[in-house]
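S.K.:
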Amino acid sequence: MDQLVEAYPEEVLTACYPGGGRPPFHPKLMLKVILYAYSQKVYSCRGIATMLHEDLPAIWLAAMQKPDFRTINHFRSVRMGAVIDQLFEFTVLELHRQGFVEFENYFLDGTKMEADANKYSFVFRKAVTGQEAKLKIRIQETLQEIQEIAKAEGLELGQLAEEPAAVELASVANRLEDQVDILTDLIAEEKLVENRKGLRKRHSLLKKKVKLIRENFIPRQETYAEQLAVCGERNSFSKTDPDATFMRMKEDHMKNGQLKPGYNIQMATENQFVLFYTIHQRPGDARCLIPHLEALQASALPMPKTIVADAGYGSEENYLYLIGDEKEPLAGFLIPYGTYLKEQTKKFKNNEWNVKNWTYEEADDRFICPNGRRVVFKKYQEKKTSNLDLSPWRIIFGKWPVSSVHFPKK
């Protein structure tokens, strides 16, 4: 631990200190203490501060100095926040230099970590878009009513957009408020009771429309737009942790598949050392592989020779990315596809009605089914992938009433 931290570049650590004030504890000393405490499964700042009084290795690493828990917490949360990724990469490179890791086999797997957020603070894109669509319909209906009222009042509101923005709605509300002020003055001046009743009725109707626009339409419109912006490409987020996405966790104590806010951590290891990690908002592992490898390429770490992962990462999109799509291969890989193990079973191989077991006549581009009938090529069909690219699929169809059979184009 001492040798590793001493090898860290001095300029990276001292860059976190702007200068001035009382001389701080040396950053390497603080790093040694924190890393040693983590290796002993002590993570709280108060627990680390206690170790500096009781644990001999911690006392030696700290050179008999005793920073309190506030100093430790400020160092790791504020000082090191900007350089933690650089230090991690330097640590892995140092392990590589000393031969602990070789970047030969890059074992990649994902795990979901629950966010520190209320599990009932969910916002789902589908619900927001549904409510937004209903709001647009109601706004249109209300604006039509307002146009009729404005015509009766002698107001010219002009041609309004089919989906007016908040600014346009506010402009309509301002015009109506001006008319409300005029009616207020007329009510005060009018002496006849019957006329005052008519003016009050018009006054009340206009005020209701203004209130509906100001307190309902505009706030809801802004709220839905903000929620969709936070959601981005995701289908959900948490109000108390907007970066977290609702996904199913492995720990399902109620056995009901409850969605909880969390993150998908993609982590690669070799010889029990963590080589690299990325944090994702997507619940599925397959859609995290390409962003993970792109982040690895952007780092200072070398590319591994072989990427090893389970069938959760097997997809046509990932395979094309790894083989380079007619370019230089990114890396070797050992990633089975989803049905690989199933295809190795005796039941699968002996199933004569399985398309993959049929006789294929390459010259005529057709299959022969167990009944001896020809199954010929029908058409190409494009399927959208996770990144919205179109992937071509071939569809074959026989001369009897059965469903079409789909398989990827070679």
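Numbering (UniProt numbering), first residue to last: 1 to 410.
All residues carry an ideal CB built from backbone N, CA and C; glycine is no exception.
Any chance you could list the beta strand (DSSP E) runs of at least 3 consecutive residues sitting entirely within the region 106-130, in chain order?
M.R.: 122-124
S.K.: So is residue 56 buried or exposed if we call it buried at 16+ other beta carbons inside 10 Å?
M.R.: exposed
S.K.: Quick check: the Cα distance between residue 96 and residue 103, rounded to an integer number of angstroms?
M.R.: Spanning the two alpha carbons is a distance of roughly 8 angstroms.
S.K.: Indicate the three-state DSSP secondary structure (helix, strand or coil) for residue 290 in the structure shown.
M.R.: In the three-state scheme derived from DSSP, where H, G and I count as helix and E and B as strand, residue 290 is classed as helix.
S.K.: Go through its chain and collect everything with a Cβ distance to residue 207's Cβ below 8 angstroms, but skip five positions before and after it.
M.R.: 180
S.K.: At which residue ranges does the region 253-332 contain complete beta strand (DSSP E) runs of 3 or more residues, listed in the order of the chain?
M.R.: 259-270, 273-280 and 306-308
S.K.: Pull the bridge partners of residue 368 from the DSSP assignment, please.
M.R.: 359 and 374
S.K.: Out of curiosity, what's the CA-to-CA distance linking residue 44 and residue 78?
M.R.: 15 angstroms
S.K.: Which residue comes first and which comes last in the beta strand (DSSP E) that contains residue 247?
M.R.: Element bounds for residue 247: 245-248.
S.K.: Nearest to residue 25 by CA position, among 66, 107 and 238, is which residue?
M.R.: 66
S.K.: According to the neighbour-count rule (16 or more other Cβ atoms, all chains shown, within 10 Å of its Cβ), is residue 31 buried or exposed?
M.R.: buried
S.K.: I think residue 329 touches residue 322, with their Cβ atoms under 8 angstroms apart; what is that distance to the nearest whole Å?
M.R.: 7 angstroms
S.K.: Per DSSP, what kind of secondary structure is residue 388 in: helix, strand or coil?
M.R.: Note that residue 388 scores 49 on pLDDT, short of 50, meaning its location in the model is unreliable; the coordinates nonetheless yield the value given after this. Coil, per DSSP.
S.K.: Whether or not the region 172-187 and the region 149-162 are in contact is what I'm after, with contact meaning three or more pairs of Cβ atoms, one per stretch, closer than 8 angstroms; do they touch?
M.R.: yes
S.K.: Only counting the same chain, and skipping five residues up and downstream in sequence, which positions put a Cβ closer than 6 angstroms to that of residue 388?
M.R.: Residue confidence for residue 388 is low, a pLDDT of 49 falling below 50, so the modelled location carries little weight and cannot support an answer.
S.K.: Could you tell me the boundaries of the beta strand (DSSP E) in which residue 75 lies?
M.R.: It is not in any beta strand (DSSP E) - residue 75 carries neither H nor E in the DSSP assignment.
S.K.: Checking 7 angstroms against the spacing of the C-beta atoms, do residue 132 and residue 224 come in under that value?
M.R.: yes
S.K.: With a cut-off of 8 angstroms, do at least 3 Cβ pairs link the region 228-243 to the region 118-127?
M.R.: yes
S.K.: With distances taken between CB atoms, is the gap from residue 289 to residue 263 smaller than 7 angstroms?
M.R.: no
S.K.: Just checking, does the region 104-112 make contact with the region 254-272 on the three C-beta pairs under 8 angstroms criterion?
M.R.: yes
S.K.: Under 7 angstroms between the Cβ atoms of residue 259 and residue 246?
M.R.: yes
S.K.: Once DSSP output is grouped into helix, strand and coil, what is the label at residue 156?
M.R.: coil
S.K.: Report the three-state DSSP secondary structure of residue 381 (helix, strand or coil).
M.R.: DSSP places residue 381 in strand when its eight states are reduced to three.
S.K.: With DSSP collapsed to three states, give me the class of residue 44.
M.R.: The answer is coil: DSSP assigns residue 44 none of H, G, I, E or B.
S.K.: State the start and end residues of the unbroken beta strand (DSSP E) segment that holds residue 237.
M.R.: 236-238
S.K.: Is there contact here, the region 183-190 with the region 78-93, by at least three beta-carbon pairs under 8 angstroms?
M.R.: no
S.K.: Are the Cβ atoms of residue 146 and residue 209 separated by less than 7 angstroms?
M.R.: yes
S.K.: Report, in whole angstroms, the separation of the C-beta atoms of residue 136 and residue 168, which I expect to be a contact under 8 angstroms.
M.R.: Not quite, the Cβ-Cβ distance comes to about 13 angstroms (not below 8 angstroms), so this is no contact.
S.K.: With DSSP as the reference, label residue 13 as helix, strand or coil.
M.R.: helix
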